[in-house]
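For reference, the structure is listed below as structure tokens.
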Amino acid sequence: MAQKIAIASGKGGVGKTSVCVGIGKALTALGMKVLLIDCDCLRSLDVLTGVTEKLVYNFGDVIFGRCAAADALYENEGLSVVTCPDSYDNISDYSMKWLVSKYEKDFDYILLDAPAGIERGLHMALSVADRAIVVSTPDLVCVRSACIAGKEIEKAGIKNIRLVINRVSKKDVIRGRLLNIDSVIDATQVQLIGIVPEDPKIRLGSMGRDIYRKGQVSYKALGNIAKRIIGQTAVLKV
Ligand SMILES: Nc1ncnc2c1ncn2[C@@H]1O[C@H](COP(=O)(O)OP(=O)(O)O)[C@@H](O)[C@H]1O
Ligand SMILES: [Mg+2]
Numbered sequence: 129m130a131q132k133i134a135i136a137s138g139k140g141g142v143g144k145t146s147v148c149v150g151i152g153k154a155l156t157a158l159g160m161k162v163l164l165i166d167c168d169c170l171r172s173l174d175v176l177t178g179v180t181e182k183l184v185y186n187f188g189d190v191i192f193g194r195c196a197a198a199d200a201l202y203e204n205e206g207l208s209v210v211t212c213p214d215s216y217d218n219i220s221d222y223s224m225k226w227l228v229s230k231y232e233k234d235f236d237y238i239l240l241d242a243p244a245g246i247e248r249g250l251h252m253a254l255s256v257a258d259r260a261i262v263v264s265t266p267d268l269v270c271v272r273s274a275c276i277a278g279k280e281i282e283k284a285g286i287k288n289i290r291l292v293i294n295r296v297s298k299k300d301v302i303r304g305r306l307l308n309i310d311s312v313i314d315a316t317q318v319q320l321i322g323i324v325p326e327d328p329k330i331r332l333g334s335m336g337r338d339i340y341r342k343g344q345v346s347y348k349a350l351g352n353i354a355k356r357i358i359g360q361t362a363v364l365k366v
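Next comes the structure, spelled out in structure tokens:
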């Protein structure tokens with residue numbers, strides 16, 4: 129039975145989708161069967177996983193009986209993806225639970241890529257999540273929204289909440305242009321699970337390029353987060 133992990137942030141553009149895909153690929157490389165569900169109706173998961181050309185159905189089609197669950201499942205390089213409809217209208221927590229029940233037996237992990245904000249999209253993802261990861265970049269604006277998102281997740285009854293600090297540039301931290309790691313943990317009040325460096329290869333993910341390849345700056349960091357998710361120890365390196 130899959131463990132379900134919601135990836136949230138509060139503020140948009142902090143790297144939720146990129147981190148979701150990166151961790152998904154890293155978990156796959158560790159031999160896990162992984163499904164990513166896009167819970168953001170603005171949709172970007174399909175672009176970052178390279179399945180856009182194949183898309184016909186989204187999970188709204190499954191919920192409203194227009195296709196079978198298997199028809200809305202798209203696969204690329206061992207990673208499976210289900211995309212989001214254009215709106216959250218009429219998608220209840222109950223229908224999300226039913227949807228996930230159709231997939232959870234076939235996967236070890238289901239990562240739910242939540243939208244920005246603390247509204248319906250986030251709650252839709254949380255309604256089926258066992259755990260959550262809050263993504264924040266190391267700046268004052270993002271840590272505030274990550275803290276608010278963390279509280280919202282707690283209110284939804286999820287106890288296992290972890291923090292990924294994304295787009296860390298050591299040079300900028302030393303020059304005082306970004307917050308240091310301790311300050312981000314203090315401000316978000318969420319326990320750290322990993323740090324992802326600023327990586328030009330991840331930036332190219334928005335152009336459909338693969339964001340998880342051996343040799344790139346963030347490869348090890350994403351791999352270490354995946355290891356910690358499955359309960360292995362991995363040294364934290366900044
Ligand atoms: N670690 C990183 N290094 C460089 N660019 C990144 C990194 N993480 C995300 N980005 C870039 O930041 C932008 C927003 O990322 P995205 O994953 O879409 O954020 P969100 O899902 O939170 O809106 C994208 O252009 C993406 O390529
Ligand atoms: Mg996103």
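Using the numbering used here, you'd call the opening residue of the sequence shown number 129 and step up by one each time.
Here a beta-carbon is modelled for each residue, glycine too, at the ideal position from N, C-alpha and C.
Own chain, CB closer than 7 angstroms to residue i, minus 5 neighbours either side, in chain order
i      : result
Ala349 : Gly322, Ile323, Val324, Pro325
Gly152 : Val162, Leu164, Leu207, Leu239
Gln317 : Cys275, Gly278
Lys132 : Val228, Ile238, Leu240, Val256, Ala257, Asp258
Residue i, enclosing beta strand (DSSP E) - first and last residue
i      : result
Pro325 : 319-325
Ile135 : 131-136
Leu291 : 288-296
Nearest-angstrom beta carbon gap, residue j and residue i [assumed within contact, 8 angstroms]
i      : j      : result
Ile286 : Ala257 : 6 angstroms
Lys123 : Met129 : The structure shown does not extend to residue 123, since the chain is modelled only from 129 to 366, so the question has no answer here.
Asn288 : Arg259 : 4 angstroms
Cys169 : Ser215 : 6 angstroms
Val228 : Val209 : Between Val209 and Val228 the Cβ distance is about 14 angstroms, and since that is not below 8 angstroms, they are no contact.
Leu176 : Ser220 : Contact flag wrong, Cβ pair sits at about 28 angstroms.
Alpha-carbon to alpha-carbon, residue j and residue i
i      : j      : result
Ile353 : Lys144 : 14 angstroms
Cys275 : Asp327 : 24 angstroms
Trp226 : Lys342 : 37 angstroms
Ala253 : Val149 : 16 angstroms
Arg171 : Val345 : 26 angstroms
Ala157 : Tyr185 : 27 angstroms
Gly304 : Phe192 : 51 angstroms
Thr265 : Gly140 : 11 angstroms
Gln319 : Arg290 : 5 angstroms
Ile261 : Arg272 : 15 angstroms
Tyr222 : Lys230 : 13 angstroms
Ala362 : Val263 : 19 angstroms
Ala198 : Cys270 : 37 angstroms
Glu247 : Thr211 : 19 angstroms
Residues near residue i by beta carbon distance below 6 angstroms, same chain, minus five either side
i      : result
Gly351 : Ala154
Ile313 : Leu320
Met224 : Met252, Ser255, Val256
Alpha helix (DSSP H) segment containing residue i, residue limits
i      : result
Lys355 : 347-357
Leu364 : Where Leu364 is concerned, there is no enclosing alpha helix (DSSP H), given that its DSSP letter is neither H nor E.
Asp310 : 309-316
8 angstroms CB neighbourhood of residue i in its chain, flanking five on each side removed
i      : result
Gly245 : Gly138, Gly140
Glu203 : Val179, Val209
Alpha helix (DSSP H) segments (min. 4 residues) lying fully within the segment 205-281: You should have 221-231, 248-254.
Entirely enclosed beta strand (DSSP E) segments - the segment 162-199, minimum 3 residues: Runs of the beta strand (DSSP E) lying entirely within the segment 162-199, each at least 3 residues long, are 162-166 in chain order.
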